[in-house]
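Each residue of the sequence shown is one higher than the one before, starting from 0 at the first, in numbering that gives the first Met the number 0. Every residue gets a Cβ at the ideal spot worked out from N, C-alpha and C, and that includes glycine. On a predicted model such as this, the values are computed, not experimentally measured, just so you know.
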Amino acid sequence: MLRRMRTTRGKFVVVILPMIIACTLLTSAVSVLANRHELRQRLVQEMETVAAAQALAVRTPIWNFEKRTLQSIVDAMLTNPDIAVVEVWDERGLSLARAARPDVPGKEWSIRVPVHGPEVAEGRPELIGELGLTFGDGRIQAAVEKQLLRDVLLLLVVIATTTGSAVLAHTLTIDRPLARFLDAIHRAEDPRRRQPLPLESEDEIGTIMAAYNRLLSKLAAEEAERTRAADDLRMARDRAEQALSDLRATQHSLIQAEKMASLGQMVAGVAHEINTPVGIALTAASHLADETRALDRALASNQLRKADLEDYTKAALDAAALLQSNMQRAAALIQSFKQVSVDRANDQRRSFDLRAYVGEVMLSLGPRLKRTPHRVLIQGEDRLVVDSYPGAIAQVLTNFVINALLHAFDDGRGGTMTIELLRLPDDMVELRFSDDGKGIPPHHLNRVFEPFFTTKRGAGGSGLGMHICFNLVTRTLGGALMVESAEGCGTTFTARFPASAPADAPTAEEALAD
């Protein structure tokens, strides 16, 4: 509230007024409570005196069984405005007379006094009954309310007087000097109108004005220095912006080179892998052609035998089986490479089965993995349909595998890479890539996703692979990428992203450009 107030006068009133109100209310409350307690004590004493006096008055009627007289005495007691109920009982507790008035205000209180007979039995007065009074404290409440009203009126007078005095004092001692000070500050916005303030007091306001005058004396000297510094800063900023632009261009070129290098490695591997089934198919076709020419010569010379035909049939069936199996193998390699390469080149969003697509990516990486002693396991959901960017996922998986081959395993030691796919609540997907390699040292762990950070500089590592993965997962896929590792216990990369990519997510090309 104080922050929203625009004047120190208002803040001053807001600060001092609650304290005055609190003190006045506390004093009034203590006074009211003490007065009410005193009045209530007086009322109780008065009622006890009345009860004792009336106990003597009803003694004879009770003793003589004069109920009519007793009732008239009880009725007469109701003339006291504080008494609500009067009742007389005999020594057995049976009611002898009762009178009540329902309109007595306030909280009700009750007292009972014994009634003794005129005869003395064995030196003690004989108990012949009891007199009970129920009375209200309405008179006390009314007196307290009047006092409270007086206190409220007094509080209003105190508040008005104090507020007026505080505002007047604040205006004379603070507002007017501050107004002159503010006017000088506004004039100081124009260097040509700056002038020192006259010192009219030695209090805090005077101290502030003296400090302001000293500040003015320094501004002129600092103005020229600021101008020179601004010029130097402007030139330094221009140089920094140019350097940043060059750095971004270089980084973008390196990222594109890294992306194309991994794609080129995949192309070379697939091409090398296709050579095997194509070579086998070519050999089978050549053998079938040779067998067919031999059969044709035998048929032309009328020397064809049943055994020759049977041998040819067997050779043709074997060649056809070899042709079919190897062409199917080559077609599968080409299809997986085609789908993965198209996705990585086009950056198009589409709906696809993540488990099947991961299998296609691993099939396209098969030629490279085949030359190593390592194996890749795919676990998790059998069918996991997502609407996302397959090219980004292929790039992330490829970088995971290449990173593991480069860093995770010692030369000659076989290992296992596991890809686990899970469906999480809230339509989220988790892709977890882990290896059982040598792990990452703790002092390197928090730098894994930094650009250009690598421990294999000059040995095949560019330091951009994991940085690319981080950008693709967090921006294109709209998720989060985490790494866990311990030396000697392997490494796990966990990517969590929505099954349906954000509508405003940048493409892989845009994500890698930033």
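Of the other Cβ atoms in all chains shown, 16 or more fall within 10 Å of the Cβ of leucine 132; this residue is therefore buried.
According to the DSSP secondary-structure assignment, leucine 405 is paired through a beta bridge with no residue.
As far as DSSP is concerned, arginine 91 takes part in no beta bridge. Residue environment for proline 176: buried (at least 16 other C-beta atoms within 10 angstroms of its C-beta). Contact check for valine 428 against alanine 498 passes: the beta carbons are separated by less than 9 Å.
In the structure shown, glycine 436 adopts coil according to DSSP, grouped into three states.
Of all alpha-carbon atoms in Gly478, Arg349, Arg236, Thr282, the one lying nearest the alpha-carbon of aspartate 425 is that of Gly478. Where alanine 485 is concerned, there is no enclosing alpha helix (DSSP H), because DSSP gives it neither an H nor an E. Burial is judged here by how many other beta carbons sit within 10 angstroms of a residue's own beta carbon; methionine 481 has fewer than 16 and is exposed. In this structure, the straight-line span from the alpha carbon of lysine 106 to that of proline 17 is close to 33 Å. Aspartate 307 and alanine 284 have their C-alpha atoms spaced approximately 19 Å apart.
Counting other Cβ atoms within 10 Å of its Cβ, arginine 474 reaches 16 or more and is therefore classed as buried. The bridge partners DSSP lists for glutamine 378 are Glu419. Between leucine 368 and leucine 405, the gap from beta carbon to beta carbon reaches 9 Å or more. In the three-state scheme derived from DSSP, where H, G and I count as helix and E and B as strand, phenylalanine 469 is classed as helix.
Contact check for valine 375 against threonine 312 fails: the beta carbons are separated by 9 Å or more. With three or more CB-CB distances shorter than 8 Å, the segment 17–36 counts as touching the segment 144–153. Contact between the segment 73–83 and the segment 18–29 is absent: fewer than three C-beta pairs spanning the two stretches fall below 8 Å. The residue from Thr170, Val157, Ala51 with its alpha-carbon nearest to that of valine 114 is Ala51. The beta carbon of phenylalanine 448 sits closer than 8 Å to those of Met465, His466, Cys468, Phe469, Leu480, Val482, all from its chain and outside the five residues before and after it, given in chain order. Rounded to whole angstroms, the separation of the alpha carbons of aspartate 102 and glutamate 45 is 20 Å.
Ranking Gln302, Asp317, Ala297, Leu444 by CA distance to the CA of threonine 282 puts Asp317 first. By the C-beta density criterion, glutamine 194 is exposed, having fewer than 16 other C-beta atoms within 10 angstroms. Your pair histidine 373 and glycine 414 checks out as a contact, with CB atoms roughly 5 Å apart and the cut at 8 Å. Beyond the five residues adjoining it in sequence on each side, alanine 485 comes within less than 6 Å, by CB distance, of Gly438 in the same chain, given in chain order.
Taking the CA atoms as reference points, valine 385 sits about 15 Å from glutamate 359.
Bridge pairing for serine 109: Thr133 [DSSP]. Per DSSP, threonine 59 is not a residue of any beta strand (DSSP E); the alpha helix (DSSP H) it occupies stretches across 58–63. Rounded to whole angstroms, arginine 111 and alanine 141 show a C-alpha spacing of 26 Å. Around the beta carbon of proline 117, fewer than 16 other beta carbons lie within 10 angstroms, which makes this residue exposed.
In the structure shown, the three-state DSSP call for glutamate 86 is strand. Rounded to the nearest angstrom, the gap between the Cα atoms of leucine 362 and alanine 393 is 12 Å. A Cβ-Cβ contact shorter than 9 Å links isoleucine 61 with leucine 69.
Under the three-state reduction of DSSP, phenylalanine 496 is assigned to strand. In the structure shown, serine 300 adopts coil according to DSSP, grouped into three states.
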